[in-house]
Structures are given as structure tokens and as C-alpha cells.
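**Student:** Heads up, the sequence shown is in the numbering used here, so the first residue is 586 and it goes up one at a time.
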Amino acid sequence: MASHAISADLAGDDRDIDQILALNLAEYGPMSPSPSTDVVATRAELHWRRDQNPAGQAVIPIIRNARGDVAGFIWLIPLRVRIRERDYRAATGVNLVIAPASRGTLGLVKLLRRFDQAVDDSQIALHFSFVADPVYERLRSGNPASTFTVPLLVKPLDVASLSTVYATSAWQREIGRRSAWISSALFFRMPLLNRTGDVQIETLEQFDETFDGFWDRVRDRYPASVIRDRRFLTWRFAPIGERRYHILVARAKGDMLAYAVIRCARVRGIDTGLILDFVMCDGAEGEAAGRRLVDHAEAFFRDQKMWLMTSLIAPGTAEHRVLRRSGCRNLSVVSPRRFRFALFVHDPHRQELESLSVKDWFVSFADFESL
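#1: Just curious, the alpha helix (DSSP H) that V803 is in, first and last residue?
#2: Using 8 Å for Cβ pairs, my map puts P663 next to S707. What's the rounded Cβ distance?
#3: If you count every other CB in all the chains shown that lies within 10 Å of the CB of I760, and 16 or more means buried, which is it?
#4: Using only the alpha-carbon positions, how far apart do D598 and R649 sit?
#5: Am I right that V666 and A809 are in contact with their C-beta atoms under 8 Å? What's the rounded C-beta distance?
#6: Just to confirm before moving on: does the CB-CB distance between C866 and R802 stay below 7 Å?
#7: To the nearest angstrom, how far is it from the Cα of H632 to the Cα of P719?
#8: Check whether the Cβ atoms of A703 and V655 lie closer than 7 Å to each other.
#9: Hey, how far is the Cα of E794 from the Cα of D783?
#10: What are the partner residues of P646, as DSSP defines its beta bridges?
#11: Which residues does DSSP list as the beta-bridge partners of H712?
#12: If the criterion is Cβ atoms closer than 7 Å, does the pair V735 and F926 meet it?
#13: Using a Cβ-Cβ cut-off of 7 Å (strictly less than) and excluding sequence neighbours within five positions of L908, which residues of its own chain qualify?
#14: Could you give the distance in angstroms between the alpha-carbon of A710 and the alpha-carbon of D888?
#15: Output the boundary residues of the beta strand (DSSP E) element that contains K740.
#16: Going by CA-CA distance only, name the one from G653, R848, F924, T819 that's closest to I860.
#17: Give the C-beta separation of S731 and V948 to the nearest angstrom, bearing in mind that I take them to be a contact with Cβ-Cβ under 8 Å.
#18: For the beta strand (DSSP E) containing Y844, name the first residue and the last one.
#19: Measuring CA to CA, which of W800, S955, A951, D932 is closest to Y673?
#20: Quick check on V948: does DSSP put it in helix, strand or coil?
#21: Got a sec, what are the start and stop residues for the alpha helix (DSSP H) G871 sits in?
Take a look at the structure:
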């Protein structure tokens, strides 16, 4: 297809929406080469992502082919962020898909130009994305502070089952099954649930008003973060499609010390327990509560027969340290992808943004486009 036949636009009517959903399903649905359990494939899911966001309505830049059909799209989702004790309007760019027939043309260039225009029109201070490896390498060569790899921490829970996926021969799988108890005992600490102390772990059905008070308490622990108040968490972890989340809270004497949002899912053929967001307050009391919270999450995953526990948490944070002490490790062999976090500042004249680095950010799966 000639590149000049491709035009850029914003998604508008129902026909555009139907074609976006069809493209997304073809790219990530059950019959695709890389299926996902979190594909936005229904109008209800699209309505949730585009229209129910408390930070504002998302926009979807698209490209059209010569027939006027949607041939590619990317989302620009508004977010509220906290940077160096100030709140800003920001966004994340996610879910870029190009139809096979339009790859190898100028379609991607035109789509990204339309995305940049949407960014300018939105008057946002910055946006972030999880980018592909070629973009990551290009950004790293020009400005190393603009992108980094967030480590995926994992803890095997069922080594015998995992060996059926990762072992390449029958004898390796047999060794994996026979040595499962040894490897678990040597390398992976089991959760301890009966610790003394005043910390109580609760399981909630929804995010209550105490999450706003907790956010006010922890919002400036790190230089930069998406604002994780009750409104954001309620939207981000809404039970859309087949997504079902569990909210764990650690409290002492009525005060929230930490929370985690967890979920069970089958990811690339592996039954996985996901710690999607994990935040705790400062100090020894907060870290002790965080340890108990992770132990309860692991116990839940084991009870649900998950093979693996995993979490995406920025290195250098107290939460990352707690997960490491709980037995989680950066095992790239079981990671389905590299999580390349990239930051794009659009208002560098503000002093607090000019020197901002990606490593200032608190990042978890809550900042990722799916899961």
C-alpha cells in the first residue's frame, strides 16, 4: 500500500471503535501469536479505559487506509502525577497496534506524529510509556536519563510445574520434578503468617476512604509517582472483563501501613500470582507490615495453585527491598518481555521537571497498560 494513501486522525464514531476493537483482538486475542488475557476487546472495556478515568477522557490517535478503515491506533490516557511535592496533569501512551497490511509504510510515522499533536493539544507536562527495545536503545543513546528497565521480580512457587514449560527435554523435566522440593527449600523462603505484633491483614472488596488518607501520608516518599488515591485505584483496578482483583491492607491500631493489589492470571501458559501494586509507609513499622502483606499474598497464591509469584517494582525502593527479602528475584528467563519505562517531558522550563530522571519514579504494574 502506498504511504500517501494513509492518513492520520482521531477515533470518532462507532465504526472506528469497532475496527479498533477488531485490530486489538487480532493482535492480542486467543488466536494471535502473542495472546493476552487482558486485551481490550469489548465496548465495555473500551468505555472503561476511555471514559471512566477520573483524570479525564482518553483520546485515540489513529491512521486510516485508502478505504478509510482504521489501520492502526495508539492510546493517550490522562493521569494525575505527583512530582517533587506538586501535582501535575500528565498522561501515558499505551497499546500501539498497526495492522499487518500497513506495516512497512509511513503509517507508524504518521501515527506517532498524530500522537504528538494530541499530546500538545492536551497541554500535559509529560507522558510516559513502556517502549519496545528499538525505541529504548535509541532513547538510551541520546538521553540515558529518559529510560530504564524496571526489573520483574519473580518467586517460583511450583518448580515441578514450571519445569514442564521451561525444560527443553524429557530428562530436564524429570530432574525438575524430582528436585522441586530441594530447590524450593534452598532458594525460596516460605511465607510466615503467624508473626507476633499488632499488624492485621484485611481483605477488602473495594477501596475505601482510608486510601485517600494513606496516599496523603505516602505521596512524597519518592520524587515522582502517579497519584494513587482512592479514585485512581478504583478506576485502575475495576473488575473489567475477566479481571478480578484482591485488595490486601495491613493495619495497626486502625492505621493503614501498607496495601497490595493482587490477581491470579494465566500468563504465557503459566499460572501466575501477580502483585500489581504494593505501597507501604516509611520506617521499620511500614517495612514489617509490607513483609506480612507479601507473605499473605504468597500464601493466597499457593492456595490458588499458582506456579509463580511476580511483581514489577522500581529498584531502589523500600517495596523492592521487601520483595527481595521475601525471596523474589530478577529471573529474566521467566520474564515474558522487558519492561522499558520511558519518560517524555513536554514542559522542561519548569525547574522541577527539567532535571527529572526516570529513576525518580515509583513504578509498578499499576502503571503498565494491562494486567
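Backbone N, C-alpha and C fix where the C-beta goes; we use that ideal spot for every residue, glycine too.
**Tutor:** This is what the structure gives:
#1: 795–803
#2: 7 Å
#3: Summary for I760: the model assigns pLDDT 40, below 50, so the residue's position carries little reliability; its value from the coordinates is reported in the next sentence. Per the 10 Å Cβ criterion, exposed.
#4: 13 Å
#5: 7 Å
#6: yes
#7: 31 Å
#8: no
#9: 22 Å
#10: L595
#11: A676, F929
#12: yes
#13: L738, V879, S896, I898
#14: 44 Å
#15: 737–741
#16: R848
#17: Not really, about 14 Å apart at Cβ, beyond 8 Å.
#18: 840–852
#19: D932
#20: coil
#21: 868–888
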